[in-house]
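What follows is a single structure, written as structure tokens, with notes after it.
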Amino acid sequence: MNGVHYDDARVVEELIAEQKPGYSLGQRFYTDPDIYELELERIVYRNWILAGHQSELPTTGDFKVFRVAGESAIIVRSDDGTIKAFANVCRHRGSVVCLESRGNTRKFVCPYHGWTYDIDGALIAARDMPDDFDWDGHGLHRVSCDVVHGLILVCFSAAPPSLENCKKEMAEPMAMFDFENLKLASHKAYAIPANWKLSIENYQECYHCATAHPDYARMHTLMLDRKKRERVQGHMLEKMDDCGMQNLYVDRIDTAARPGEIGYGYSRTALFEGYLTGSKDGQPVAPLLGSLTDYDGGASDMTFGPMSFLLAYSDHVVAYVFTPVDFENSRCDIYWLVRDNAAEGKDYDVDELTWLWDVTTEADKTIIVNNYKGVCSRFYQPGPFSGMERPERIYVEWLLQELARPL
Ligand code: FES
Ligand SMILES: [Fe+2]
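Under our numbering, read the sequence shown as residues 1063 to 1469, first letter to last.
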């Protein structure tokens, strides 16, 4: 186990055993760098993470670099047309190979001594090496990469969780929005100086929405408790059929509980009446997605693994990816996707499209950082979850279960 000693693992087991059900995590889960190392091995690198949409790399040689904690992968459209990922680590003496964050190239040249790799990761040039040098044995290491209905997923483990059932069960909901043929309209990375788990925990619950997000709370009914929310679903359910929207549901809790498989889920929730989509005035911000014919007034939550979440409105998709940078810093990447033939400036305006989740994420950043400050205090003690924080409670229980599961 990388960087984690037996004693640390035993301490973690004790901390897990001390954890009171229904309460937030103990302080050391947020502040102890050794626990963070264990999380990287058992959770972060062991699971699939959304790294973008295939439309970002339309042409052979298009690449982007994807960083998570201490790891970096080059994701590239290779000669055979497929998207592949390679560890961004030179096979000579280990320098980072690609320093750019995206571009188009025929080869990657290491900035240290010039070893050169083609877009299939093969080593094609290295000066002054012996005649019997094993060229084939020094290509860039492969990183697990798959494209699921247009979404690029990356996993830093050589034995990633199976995607088979996810591909099958999510096919129908994703086809409604034609995920394969979306295009990236905007991307923004938010640096959040707080432990990564607080960023995800915050996304899991909407107990804070009424207090922290006045704009979001005007349109999203998720800030209501379950019973009230079910009452307001009616107007959406009545419209769905006429809009070409199927009433589908995939239970994400069930899927997260299956060992060896990616967790995934799908559900659709009504916005408040009068809101067609997630925009300032609730009016459309882009052309309808897929084969949808009208607005049903709902938004679909989708989950892919423990760090990637999507929200599909009728006319655009917002994808959120929360990853650690180090044990006290995290990042939220947001991707805004629209249908591929929508023209910027004519069919959508980037500022209008991104407004809601930009203001909401900025507000989230502030509350997460404040949360982290308090969690690091000597006076912090785990507090009880409310009913509305049920998804966060389930998430925390899952984290602890994974943390206790050896590699
Ligand atoms: S470390 Fe890359 S060429 Fe030497
Ligand atoms: Fe929030």
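Where is the CB? At the ideal position from N, CA and C, for every residue including glycine.
Note that the coordinates shown come from a computational prediction; the quantities given were computed from them, not determined experimentally.
| Item | Value |
| --- | --- |
| Host alpha helix (DSSP H) of L1415 (start-end) | V1412 to V1437 |
| Proximity below 8 Å, CB of Y1174 to CB of G1201 | no |
| Contacting residues, own chain, Cβ-Cβ under 7 Å from V1209 (five flanking each side not counted) | Q1116 and I1145 |
| Nonlocal neighbours in the same chain, by C-beta distance under 6 Å from Q1266, ignoring five residues either side | P1453, E1454 and Y1457 |
| Span of the alpha helix (DSSP H), counted from its first residue to its last, around D1096 | P1095 to E1101 |
| Distance cut-off 7 Å: T1422 Cβ against heavy atoms of ligand 2 | yes |
| DSSP bridge partner residues for G1114 (one or two, in chain order) | I1214 |
| Residue interval of the alpha helix (DSSP H) (run including M1302) | G1296 to C1305 |
| Burial state of F1195 (16 or more Cβ within 10 Å) | exposed |
| Distance cut-off 7 Å: C1160 Cβ against heavy atoms of ligand 1 | no |
| Between the CA atoms of V1106 and T1365 - distance to the nearest angstrom | 15 Å |
| S1261, DSSP secondary structure in three states | helix |
| Terminal residues of the beta strand (DSSP E) in which A1381 lies | V1379 to D1388 |
| Proximity of Y1410 and A1348 at Cβ, strictly below 8 Å | yes |
| Short Cβ contact (8 Å threshold) for P1444 with L1087 | yes |
| Reduced DSSP secondary structure (H/G/I, E/B, other) of A1361 | strand |
| Per-residue DSSP class, three states only, for E1076 | helix |
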